[in-house]
Amino acid sequence: FFSSGSAYDLCVIGGGPGGYVGAIKAAQLGLKVVCVERRGALGGTCLNVGCIPSKSLLNNSALYHQAQHDLKARGINITGLSMDLGVMMKNKEKSVDQLTKGIEMLFKMNKVTYVKGHGTLTGPNSLSVSLLDGGEEKIEAKNIVLATGSDVVSLPGIELDEKTIVSSTGALKLEKVPEKMTVIGGGVIGLELGSVWARLGSQVTVVEFMDSIGGLGIDAEVAKNFMALLKKQGMNFKMKTKVTGVERTGSGLKVNTVAAAGGGEESLDADVVLVCVGRREFRDNLGIEALGIDMDGKKIKVDHNFRTNVPSIFAVGDIVAGPMLAHKAEDEGALVSEFIATGKPPHLDYNCVPSVVYTHPEVAWVGKTEEQLKAEGVEYKKGKFTFGANSRAKANGDEAGFVKVLSCKKTDKLLGVHIINNIAGELIGEACMALEYGANSEDIARVCHAHPTLSEALKGAAQMTAFGKAINSP
Numbered sequence: 181f182f183s184s185g186s187a188y189d190l191c192v193i194g195g196g197p198g199g200y201v202g203a204i205k206a207a208q209l210g211l212k213v214v215c216v217e218r219r220g221a222l223g224g225t226c227l228n229v230g231c232i233p234s235k236s237l238l239n240n241s242a243l244y245h246q247a248q249h250d251l252k253a254r255g256i257n258i259t260g261l262s263m264d265l266g267v268m269m270k271n272k273e274k275s276v277d278q279l280t281k282g283i284e285m286l287f288k289m290n291k292v293t294y295v296k297g298h299g300t301l302t303g304p305n306s307l308s309v310s311l312l313d314g315g316e317e318k319i320e321a322k323n324i325v326l327a328t329g330s331d332v333v334s335l336p337g338i339e340l341d342e343k344t345i346v347s348s349t350g351a352l353k354l355e356k357v358p359e360k361m362t363v364i365g366g367g368v369i370g371l372e373l374g375s376v377w378a379r380l381g382s383q384v385t386v387v388e389f390m391d392s393i394g395g396l397g398i399d400a401e402v403a404k405n406f407m408a409l410l411k412k413q414g415m416n417f418k419m420k421t422k423v424t425g426v427e428r429t430g431s432g433l434k435v436n437t438v439a440a441a442g443g444g445e446e447s448l449d450a451d452v453v454l455v456c457v458g459r460r461e462f463r464d465n466l467g468i469e470a471l472g473i474d475m476d477g478k479k480i481k482v483d484h485n486f487r488t489n490v491p492s493i494f495a496v497g498d499i500v501a502g503p504m505l506a507h508k509a510e511d512e513g514a515l516v517s518e519f520i521a522t523g524k525p526p527h528l529d530y531n532c533v534p535s536v537v538y539t540h541p542e543v544a545w546v547g548k549t550e551e552q553l554k555a556e557g558v559e560y561k562k563g564k565f566t567f568g569a570n571s572r573a574k575a576n577g578d579e580a581g582f583v584k585v586l587s588c589k590k591t592d593k594l595l596g597v598h599i600i601n602n603i604a605g606e607l608i609g610e611a612c613m614a615l616e617y618g619a620n621s622e623d624i625a626r627v628c629h630a631h632p633t634l635s636e637a638l639k640g641a642a643q644m645t646a647f648g649k650a651i652n653s654p
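Position one of the sequence shown corresponds to residue 181 (my numbering), numbered consecutively onward.
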């Protein structure tokens with residue numbers, strides 16, 4: 181794996197979470213690395229039109245909503261409260277700009293060559309890059325990692341214009357708050373962006389085909405409580421409902437629906453329709469077919485080392501099996517670079533990869549749900565601790581939500597943790613660590629947690645699971 185001439189040890193196609201992390205890690209391990217990114221800005225969907233800009237809007241819209249509906253009860257009186265969407269959008273763009281430039285700086289510091297353009301494989305060790313500034317560049321590398329991520333999709337017959345019929349990308353740059361918004365899809369992205377515009381004053385209705393919100397992997401009890409909290413914030417839901425089409429009218433849009441089981445035709449008026457029905461693996465003009473790279477359905481087939489059937493080509497992130505999450509892609513990118521540089525076999529347990537919905541409150545989980553354990557025939561114990569019994573939550577006046585801990589009935593080995601709380605995404609880290617290292621619920625219950633903190637609710641739930649009772653809960 182020694183560098184020689186103009187050839188690279190590693191070429192990474194894609195500068196998103198999996199790609200840029202993999203490129204930096206490989207360079208830190210002494211490889212000569214080039215990263216090809218078609219967007220012209222590093223960070224992928226996550227940083228440019230996904231995770232990061234949405235979190236800016238989620239945070240600031242939550243502050244605005246709190247100022248409107250919560251501060252008076254806390255003894256904080258505000259007169260003349262107003263919202264400037266333009267400034268809010270500029271703050272979002274500022275954070276994105278600083279972070280993308282930060283990755284470019286990290287590339288320079290670690291001597292990663294950055295090529296802006298669309299890369300197409302031309303052989304097991306070569307690719308052609310159609311440069312954004314015009315022209316073409318040929319790149320040769322001993323190893324190639326595909327990290328091209330995913331893209332938005334719509335429903336058949338519903339064409340996105342990113343103005344009134346929008347994907348998540350368009351929903352992040354609306355120029356005004358729509359009076360009425362219909363969100364097609366009650367998964368993570370739909371709920372997050374729907375809640376942003378609901379807080380800013382839009383009448384939001386979520387239309388979901390399934391009978392629960394939150395998407396794949398969410399625990400049923402959590403989903404039920406989560407929806408109740410969002411309803412209190414003014415969001416509306418139409419469950420077990422299928423969207424058949426969106427029509428343009430003189431005054432806006434009309435969303436046509438039927439009951440998922442059939443019949444029950446209905447229509448909804450909307451100024452903006454947000455389509456959040458999943459994502460597709462981005463393999464456009466990548467050249468994998470010509471090289472005969474094996475597929476597993478829509479995913480690129482890789483072995484336990486993330487290697488394709490072409491020995492010099494690897495793949496990570498959304499285009500391979502596993503959850504389509506930025507942090508999963510990051511870990512895979514770093515692991516595969518470590519394998520290429522040192523031969524150390526990668527290890528990533530997808531059961532220990534957390535999921536977070538960044539609404540307010542947040543929802544986070546890791547490991548198994550009750551439904552999964554029942555389906556697998558696993559006998560389990562369950563402990564639940566509400567934040568209403570947590571002293572810090574009580575003092576903060578933020579008592580919504582709970583922690584649920586699931587463990588093996590025979591061995592007490594931790595199986596899953598589920599949290600609804602304003603900082604659930606931060607609290608889930610401890611559960612990830614415990615699950616990764618094979619802890620029992622009793623281990624968490626016996627670890628000293630700082631008082632008063634919200635993290636004590638996890639300890640309380642673990643006490644309920646391990647001992648059947650918690651100190652601070654009836």
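We put the CB at the ideal spot given by N, CA and C, even for glycine.
For Asn602, no alpha helix (DSSP H) segment is defined, and its DSSP state is neither H nor E. The way I'd put it, the region 256–276 doesn't touch the region 581–599; fewer than three beta-carbon pairs between them come closer than 8 Å. The Cβ neighbour count for Met361, taken over all protein chains shown within 10 Å, is at least 16; the residue is labelled buried. In the DSSP assignment, Met475 is bridged to Ile480. For Lys418, the CB contacts under 6 Å within the same chain, skipping 5 residues up- and downstream, are Val387 in chain order. Each residue's CA atom was taken as its position, placing Lys481 and Ile204 some 24 Å apart.
Burial is judged here by how many other beta carbons sit within 10 angstroms of a residue's own beta carbon; Pro525 has fewer than 16 and is exposed. Sixteen is the threshold: when 16 or more other Cβ atoms of the shown chains lie within 10 Å of the Cβ of Val363, as they do, the residue is buried. Bounds of the beta strand (DSSP E) holding Asn323 are Glu316 to Leu326. Ile324 and Ser492 do touch by the CB rule: their CB atoms are close to 6 Å apart, below 8 Å. Contact annotation: Phe565 and Glu579 have beta-carbon atoms that are not nearer than 8 Å. A straight line joining the alpha-carbon of Phe486 with that of Ala514 spans about 11 Å. Leaving aside the five residues that flank Phe519 on each side, the residues in its chain whose CB is nearer than 6 Å to its CB run, in chain order, Asn485 and Pro526. Per DSSP, Glu542 is one residue of the beta strand (DSSP E) stretching across Glu542 to Gly547.
Secondary-structure assignment with DSSP links Gln383 through a beta bridge to Lys360. Per DSSP, Ser330 is one residue of the beta strand (DSSP E) stretching across Ser330 to Val332. In the displayed model, His507 falls within a helix according to three-state DSSP. Thr344 and Ser447 have their alpha carbons spaced roughly 17 Å apart.
Taking the C-beta atoms as reference points, Cys215 is found no nearer than 8 Å to Leu307. For Asp449, the enclosing beta strand (DSSP E) starts and ends at Glu446 to Ala450. Apart from sequence neighbours up to five positions away, the residues of its chain that approach Glu359 with a beta-carbon distance below 7 Å are Ser382, Gln383 and Asp451, ordered along the chain.
Comparing alpha-carbon positions, the option among Gly618, Gly365 and Ala611 lying closest to Asn416 turns out to be Gly365.
According to the DSSP assignment, His298 belongs to the beta strand (DSSP E) that extends over Thr293 to Gly303. In the displayed model, Arg218 falls within coil according to three-state DSSP, outside both helix and strand.
The straight-line gap separating the alpha-carbon atoms of Leu396 and Pro541 is approximately 19 Å. One Cα belongs to Thr293, the other to Ala408, and the distance between them is close to 50 Å. As far as DSSP is concerned, Thr633 takes part in no beta bridge.
Cβ contact annotation for Ala625 (same chain, cutoff 8 Å, sequence separation greater than five): Lys639, Ala642, Gln643, Thr645, Ala646 and Phe647, in chain order. Here Phe417 carries a strand assignment [DSSP, helix/strand/coil].
Residue pairing from DSSP places Cys588 in a beta bridge opposite Tyr560.
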